[in-house]
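Novice: In our numbering, the protein residues as written are 869 to 1696. What follows is a structure written as structure tokens; I'll ask about it next.
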Amino acid sequence: MKRPPFHPRVEQKWQERWEREDAFRTPDLPDGPRYYCLEMLPYPSGRIHMGHVRNYSIGDVVARFHRRRGYSVMHPIGWDALGLPAENAALAHGVHPAEWTKDNIAHMQRQLRRLGLSYDWDREFATCDPSYYRWNQWFFLRMRERGLVYRANRAVNWCPGCETVLANEQVEAGRCWRCESEVVSRELPQWFFRITEYADELLDAMEGMTGWPRKVLLLQRNWIGKSEGAEVRFRIPSLGDDGEIPVFTTRVDTIYGATALVLAPGHPAAARMAEGNDEVREYIARALAVTAAPPGAPAEKTGVRTGVPAVNPFTGEEIPVFVADYVLMDYGSGAVMCVPAHDERDHEFAVRYDIPIRRVVIPNDREAAPKGGAFTDYGTVVDSGDFSGLPTEEAKEAMARHAAESDFGGPRTEWRFHDWGVSRQRYWGTPIPMVHCDSCGVVPVPDADLPVELPRDVEITGKGGAALEKCEAWIRVDCPACGASARRETDTMDTFVDSSWYFYRYLDPTNAEAPFDPERARAWFPIDLYIGGVEHAILHLIYCRFWTRVMRDLGLCDHDEPVIRQLSQGMVIKDGAKMSKSKGNVVDPDAAVEEHGADAIRLYVLFEAPPEKEMDWTDARLAGPARFLKRLERVIPGEAPWLPETGLPAGDDAFTAGDVALRRKTHQTIRRVSRDLGERIHPNTAIAAVMELWNAALARLPQAGSGPARRAVREAVETVVSLLNPMAPHLTEELWERLGHQTPLLDSPWPECDEELAREESVLIVAQVNGKLRGRIEAPRGLGRDELIALGRANRGVARHLEGLEVFRVVTVPDRLVNFVARKPRDG
RNA sequence: GCGGAAGUGGCGGAACUGGCAGACGCGCCGGAUUUAGGAUCCGGUGGGGCGACCCGUGGGGGUUCGAGUCCCCCCUUUCGCACCA
């Protein structure tokens, strides 16, 4: 039989009160010191999962803590409401994406409220509101004016069966998720944001981002992938004017060892060489047909010899040209010089295709080991004309300079990341505010006509082209420039656009004149803490850094970085695996809250592991935090009925040593919890500290007969309730009330640590002999070295171990340790 | 393959700048109360030894009076990237 939990009444009572009193409303401009606490906004998938519970519990602790410390706290929530799943739901259940999304939001909103999260719900919005996405369109137009938007061809996944573009998620092992046709690649004109314009800035600024996890910064650094090297243009004489082939290399110092030129299968020059060469043509066709390389070890390199020579501009030497699949078209220039002696990949390829291996760098020390047959370390350049004898570093510089002076190359920087392709051939996204006119070309929609709203009456079939392309009435529009009949752009924006600036909109969610009031942004930004999963370490967290810089350049804000401190919280797993429906290991938050109460669930997810670590949900372990709460509820004041009438310690109280010890513990706990929730953001150790104080207070309970003793206990109990409040907000409010308080905890200041009371009067001195623990000595604070040594010698354990030894050195650490370094005396 | 992170009791995890290893909780053992417990309370709980003590933070070396913490090598797990020239 299940005994009724205490929580439903209590939690409901306080949630209703918070709602009635609009307790979490935040002023538009901070009133005093500000703290912007943000959690990544959820996608309204239908129900919240434990990952949400954890993320939002952590954020709520930080928000409530700062609020009670006297900060104006901005703690908003919204919905990342555009995206593919809504369209999939439309396909599966015939419900309109807007309806599906709206219903999901309503449900998930109830779930979040049930957790007692301190959000300012007045600031809530969904990114599918036209009043929000109109500003996506506005930004698009502003960026276009600044040359940050352009249109270019890019390959998309095309399903010949459904005759439609597929998102990457809709391609399963190279086949369409719905009809299983083989997906092919198709080139379409698409819209791009010129994020590479900010590449250097995004990279350099990371130096100063000390509040971000190293891991996230590293992921971003790798993703941006800056690579400094040189470009050298080789010539293929047989191609005439088109025969100039730029090559990017980070090791131009090895160019005298280049024994081939290798082109990517997609390289235009490769296509030229296929003309009249069947072997080359067939190879290219085959190589291009391979859709996506499966993950795992790189496939074996294949290639084809074109039979045509290229000229190495450094040596004037003719070298063979190959087309090979290990050269990528979308990095560098799609062509590489092949230096088998000093590059592993080139070496592997050269061995297979009989390309000569010519060594032009020798190691500086004999030990240096070749990798995969190639010597890839730095060394000294040899057999390289005038450059021979130079160390790698100098040779690189000298040779790049030479290439520039001779007009066949020069220094060059390459980036691994590319401009941000924002076009999506989908319905449920922000329409791109452009119009195609036969006579004017591509024309922007005037600001006055924003937002370009998505048409409601649309049929989502997943077949026969994008849904918007079939909305003829919506597409037809007068050209804003010449008035002639024209057609709207039917691409919508990547949903990462929506999440790149939503946290600015929270400040001013109803503004119809601008995305937000810059004055508010100045007052609230940068965000003090941004919590979310590591899975967003690169795309989202770089896009929003980019977007902030664009806004800065538009004069909308005056900071470079949107986020001061970022916390990547760990995943919630179960039985060692990520929770998922297919594995059947999902724990439903509603059921858990129903059974144990929101406070217990919150306390459990916070206590189980530090926030940045993954946590394994174990039902059995929930018992600890739940038990702790029940005990609080039972004891206060049931087992100490005098508590409500008892005051706090007064100046003239005559405390016993036990009282003083409890008070010391109380104030030490305040200090520790404040640090754990503030600087460290480790609610797990904060909770442990509160439990310790509670245990100490309980132990004092039987002895609390006198006034002073009761006042010391009251102080401890009250502190437990107060410090636990950010983690378990409902029960602590209830207990606070039971203790006789009129003002809710929410509006009561965070307790202050009285350093005087917290200070230990006596300290534990560790006594060691040769570094081994031999005794523990309780001693007054502040003893000098000689006193420590005397105390140490007097200790029984120390004395025993010093017997027959000669002390030749004593190490002392004030208030901490005395260590006798001793050895056997020498004979004679 | 490259790069990162992490290895602490039966379990989750504590341990600020090198200075009492294992806080707090789960579990387990013993006891109390109870007709009963998935309730509550008390005590115990790293391993070994009757004991004084000895051994213990993945393994091996090192620095130090002293190492979970710093340095080197190795092993394992895990997460990124995956032919980026």
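Glycine residues also receive a C-beta, built at the ideal position from the N, C-alpha and C atoms. In this text the structure is predicted, and so the values were computed from the model without any measurement.
(1) Check whether the Cβ of Ala1271 sits closer than 6 Å to any heavy atom of the ligand PLP, and report yes or no.
(2) In three-state terms, what does DSSP make of Val1249?
(3) Give the range of the alpha helix (DSSP H) segment to which Glu1069 is assigned.
(4) How big is the Cα-Cα spacing for Val811 and Thr1117?
(5) Thinking C-beta only, is Val941 closer than 7 Å to His1598?
(6) So, for Glu1429: in the same chain, excluding its five sequence neighbours on each side, which residues have a beta-carbon less than 7 Å away from its beta-carbon?
(7) Residues in its own chain within less than 6 Å of Arg1062 by CB, not counting five upstream and five downstream?
(8) Take the Cβ of Val1686 as the centre, count every other Cβ of all protein chains shown within 10 Å, and call the residue buried at 16 or more, exposed below.
(9) Please look up how many angstroms separate the CB atoms of Leu1545 and Pro1594, rounded, as I've assumed it's under 8 Å.
(10) Using beta-carbon positions only, say whether Thr1281 and Thr1360 come within less than 7 Å of one another.
(11) Hey, is the stretch 1124-1143 in contact with the stretch 1186-1200, meaning 3+ C-beta pairs nearer than 8 Å?
(12) What did DSSP end up calling Thr1680 once you bin it into helix, strand or coil?
(13) Could you tell me how far apart the beta carbons of Ile1406 and Trp1091 are, in whole angstroms, since I believe they sit closer than 8 Å?
(14) Runs of 4 residues minimum, wholly inside the stretch 1125-1156: which ones carry the alpha helix (DSSP H) assignment?
(15) Got a sec? Which residues, its chain only, sit under 7 Å from Met1011 by beta carbon, not counting five neighbours each side?
(16) Consult DSSP for Met918 and reduce its assignment to one of helix, strand or coil.
(17) State the beta-bridge partners of Cys1412 as determined by DSSP.
(18) What does the Cβ neighbour count give for Pro1693, buried or exposed, with the cut at 16 atoms within 10 Å?
(19) Kindly indicate which residue of Trp1006, Glu1212, Tyr1370, Asp1487 has the alpha-carbon position closest to the one of Ala1459.
(20) Rounded to the nearest angstrom, what separates Ala1522 and Ala1572 at their Cα positions?
(21) Can you say whether Trp1510 is buried or exposed, counting buried as having 16 or more other CB atoms within 10 angstroms of its CB?
(22) Note down, in chain order, each residue of its chain lying with its Cβ closer than 8 Å to the Cβ of Gly1253, except the 5 sequence neighbours on either side.
(23) On the criterion of 16 or more Cβ atoms from any shown chain inside 10 Å, does Gly1257 qualify as buried, or is it exposed?
(24) CB Asp1467 to CB Ala1554, shorter than 7 Å?
(25) Lys970 by DSSP, collapsed to three states: which one?
(26) So His837 and Asp899 are supposed to be a Cβ contact under 8 Å. How far apart are they, rounded?
(27) Under 7 Å between the Cβ atoms of Pro1259 and Ala1268?
(28) Report the three-state DSSP secondary structure of Asp1456 (helix, strand or coil).
(29) According to DSSP, simplified to helix, strand and coil, what is Ala1035?
(30) Mind checking which residues open and close the alpha helix (DSSP H) that includes Ala1488?
(31) At which residues does the beta strand (DSSP E) containing Thr1174 begin and terminate?
(32) Are there three or more Cβ pairs, one per stretch, closer than 8 Å when the stretch 1477-1486 is compared with the stretch 1433-1446?
(33) Tell me Thr1360's beta-bridge partners as DSSP assigns them.
(34) Short of 7 Å in beta carbon distance, which residues of its chain neighbour Arg1649, apart from the five on each side in sequence? Order them along the chain.
(35) Quick check on this structure: which residue in Gly1672, Val1172, Ser1274, Phe1255 has the alpha carbon closest to the alpha carbon of Asp1222?
(36) Indicate the three-state DSSP secondary structure (helix, strand or coil) for Phe1190 in the structure shown.
Specialist: Looking at the coordinates:
(1) Because no ligand of any kind appears in the structure shown, any question about the ligand PLP cannot be addressed here.
(2) strand
(3) 1067-1072
(4) Since the displayed the chain opens at 869 and closes at 1696, residue 811 lies outside it and no answer follows.
(5) no
(6) Ala1073, Met1077, Pro1394, Arg1413, Thr1416
(7) Leu1016, Asp1287
(8) buried
(9) 6 Å
(10) no
(11) yes
(12) strand
(13) 5 Å
(14) 1136-1142
(15) Val1017, Phe1061, Val1418
(16) helix
(17) Paired residue(s): none; Cys1412 is not in a bridge.
(18) exposed
(19) Asp1487
(20) The straight-line gap from Cα to Cα measures roughly 13 Å.
(21) exposed
(22) Tyr1124, Phe1182, Thr1183
(23) Counting Cβ neighbours within 10 Å, Gly1257 comes out exposed, since fewer than 16 surround it.
(24) no
(25) helix
(26) Since the first residue shown for the chain is 869 and the last is 1696, residue 837 is missing from the structure and cannot be characterised.
(27) Contact flag unset, no.
(28) Reduced to three states, the DSSP call for Asp1456 is coil.
(29) coil
(30) From DSSP, Ala1488 is part of no alpha helix (DSSP H); its letter is neither H nor E.
(31) 1171-1179
(32) yes
(33) Arg1292, Pro1299
(34) Glu1628, Glu1629, Ser1630, Val1631, Asp1683
(35) Val1172
(36) Strand.
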